[in-house]
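The next block holds one structure in the form of structure tokens; read it before the comments.
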Amino acid sequence: MRSFLVAGNWKMHGDSAGIKQLLSELLKALPAEPGIDIAVFPPAVYLAQVAAEMAATPVAVGAQNVCAQAGPGAYTGEISAAMLTDVGCQYVLVGHSERRSLYGESSQLVAEKAKAALTAGLIPVVCVGESEAQRDEGQTLEVISSQLVAVFAALTAAELKKIVVAYEPVWAIGTGKTASPEQAQEVHGFIRALFAKQDEALANELRILYGGSVKANNAATLFAQADIDGGLVGGASLDAQEFSAICRAAE
Ligand code: PGA
55 MRSFLVAGNW
65 KMHGDSAGIK
75 QLLSELLKAL
85 PAEPGIDIAV
95 FPPAVYLAQV
105 AAEMAATPVA
115 VGAQNVCAQA
125 GPGAYTGEIS
135 AAMLTDVGCQ
145 YVLVGHSERR
155 SLYGESSQLV
165 AEKAKAALTA
175 GLIPVVCVGE
185 SEAQRDEGQT
195 LEVISSQLVA
205 VFAALTAAEL
215 KKIVVAYEPV
225 WAIGTGKTAS
235 PEQAQEVHGF
245 IRALFAKQDE
255 ALANELRILY
265 GGSVKANNAA
275 TLFAQADIDG
285 GLVGGASLDA
295 QEFSAICRAA
305 E
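Using my numbering, the letters of the sequence shown correspond one by one to residues 55 to 305.
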């Protein structure tokens with residue numbers, strides 16, 4: 055049985071005081087014992103603060119990025135997976151479309167980051183998704199498949215068992231244009247089938263999150279799809295009421 059995961063990607067938002075307030079509102083709004091996994095992904099400089107404040111709560115903490123090199127070493131500006139574990143992270147996003155498009159991260163690099171995360175005991179949330187042009191050209195499944203092939207090549211079967219995949223159509227991120235439940239389900243089913251070619255049992259256990267303009271008012275219909283196991287939430291995760299409503303929709 056797959057347990058749902060709702061993940062809040064805060065991107066480059068917040069400051070110490072604002073984050074403190076958001077967390078306190080969130081803890082009030084969330085059920086004391088949620089029947090799902092919940093995680094927030096603050097900017098790196100706030101990870102230790104958030105991990106300390108969430109230590110005795112049901113909310114886990116993840117980073118938005120990680121260095122592909124295990125280190126320690128001469129990698130100016132980078133943060134290793136071991137450092138993320140050290141400050142209390144359990145998860146890390148790899149391959150978010152903003153990292154792929156704005157910072158030129160290739161599928162190969164994303165796969166290496168997933169490997170580095172797993173080696174340090176973190177759960178990588180591997181993000182995949184097609185652009186609007188690629189969807190219009192009918193290339194959606196091909197794009198997703200090529201993004202995942204790099205992951206299959208880099209990780210062992212035992213490692214693949216530990217990852218989470220997030221399907222985030224690029225055209226739906228931050229645009230208010232959510233994929234329809236049918237569009238999302240088609241790709242989620244395809245992703246599960248790709249994993250089934252590696253290992254059937256692994257595919258059944260794999261958690262596949264949907265991301266892209268998930269809101270309180272569309273979460274329940276998305277989460278009702280057979281192969282959607284939760285959400286990766288951007289904008290709506292900065293609002294405690296909205297984010298907790300999305301968590302409740304997943305319960
Ligand atoms: P959004 O972002 O919910 O604001 O569309 C999702 C994401 O980028 O993870």
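We treat Cβ as the ideally placed atom computed from N, Cα and C, and that holds for glycine.
Per the Cβ contact rule, the stretch 190-204 is not in contact with the stretch 135-147 (fewer than 3 Cβ pairs under 8 Å). A233 carries a coil assignment under DSSP once its states are collapsed to helix, strand and coil. In this structure, the straight-line span from the alpha carbon of E166 to that of A136 is close to 15 Å. Annotation for G158: no alpha helix (DSSP H) segment contains it, and DSSP assigns it neither H nor E. As a beta-bridge residue in DSSP terms, G284 pairs with L59.
When rounded, the separation of the alpha-carbon atoms in E107 and I282 is 30 Å. Distance from the C-beta of N63 to the nearest heavy atom of the ligand PGA is below 6 Å. In this structure V268 touches I300 by the C-beta definition: roughly 6 Å separates them, less than 8 Å. Note that the stretch 208-221 touches the stretch 243-261; at least 3 beta-carbon pairs, one per stretch, sit closer than 8 Å.
If only uninterrupted beta strand (DSSP E) runs of at least 3 residues are considered, those enclosed by the stretch 101-125 are 113-117. Counting only heavy atoms of the ligand PGA, the residues whose C-beta sits closer than 6 Å to one of them are, along the chain, N63, E222, I227, G228, G265, G266, S267, V268, L286, V287, G288, G289, A290.
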